[in-house]
């Protein structure tokens with residue numbers, strides 16, 4: 008299958024961290040100033056959006072989020088921890104639509120999933136391709152959270168396309184009224200990790216808490232699963 012590709016696309020080089028946001032609209036985004044330091048002077052343009060909702064323990068100290076703040080790669084150990092719960096999909100076609108560093112597909116494959124589609128393309132256009140979505144068995148990914156209602160837009164697009172999914176999201180989404188309107192409660196299940204490990208490109212991995220693998224249409228054995236911590240419950 009030509010679409011099953013966990014490697015880099017031909018045009019990946021040179022775009023770096025910005026690639027993950029090919030799925031988003033740039034409307035409503037402001038331009039701020041910063042350089043590569045944590046507390047930068049005002050000499051380089053960076054796009055930011057207003058902080059809204061639950062984003063975990065990261066982001067700018069001025070109450071806003073840059074696009075870069077949302078670009079976290081999910082570590083291989085986190086995919087390995089998820090894999091046993093989704094074992095029935097390990098030989099089926101998995102779509103990972105959110106690109107970031109272009110290596111997530113390879114990391115998911117290393118966790119036991121054999122048929123992974125991971126390409127840099129516009130998610131909102133691709134999800135409307137009914138021929139493609141009918142060929143997909145499940146979406147497994149850590150989507151971006153930045154942008155007003157971005158989580159809701161992603162979830163609504165997948166539900167309307169009738170694509171089953173397992174997405175890593177802030178656990179606060181389970182309280183959201185809009186999420187409850189989008190999802191079919193009878194098809195919704197949750198895998199709750201004690202923590203997940205993520206990293207910036209070229210940096211060490213760090214643990215994030217207060218996240219959930221939100222599942223829809225997977226028909227898992229249990230509606231709620233409390234996943235064990237791979238370093239021990241006492242830590």
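Residue numbers (the working numbering): 8 to 242. The beta carbon of each residue, even a glycine, is placed where N, CA and C say it ideally should be.
DSSP places residue 197 in the uninterrupted beta strand (DSSP E) bounded by 195 to 199. One Cα belongs to residue 122, the other to residue 173, and the distance between them is close to 16 Å. Looking only at 126, 209 and 233, the smallest Cα-Cα distance to residue 202 is reached by 233.
The stretch 158 to 232 is shown to contain whole alpha helix (DSSP H) runs of 4 or more residues at 184 to 189, in chain order. When 141, 94, 146 and 167 are compared, the shortest CA-CA separation from residue 125 is found for 146. The stretch 128 to 141 makes no contact with the stretch 181 to 200; the number of CB pairs closer than 8 Å stays below 3. Boundaries of the beta strand (DSSP E) harbouring residue 102: 100 to 102, taken from the DSSP string.
For residue 126, the secondary structure class from DSSP, reduced to helix, strand or coil, is coil. Of 110, 86, 129 and 88, the smallest CA-CA separation from residue 209 is found for 110. Bridge pairing for residue 148: 174 [DSSP]. Secondary structure at residue 118: coil, using DSSP grouped into helix, strand and coil.
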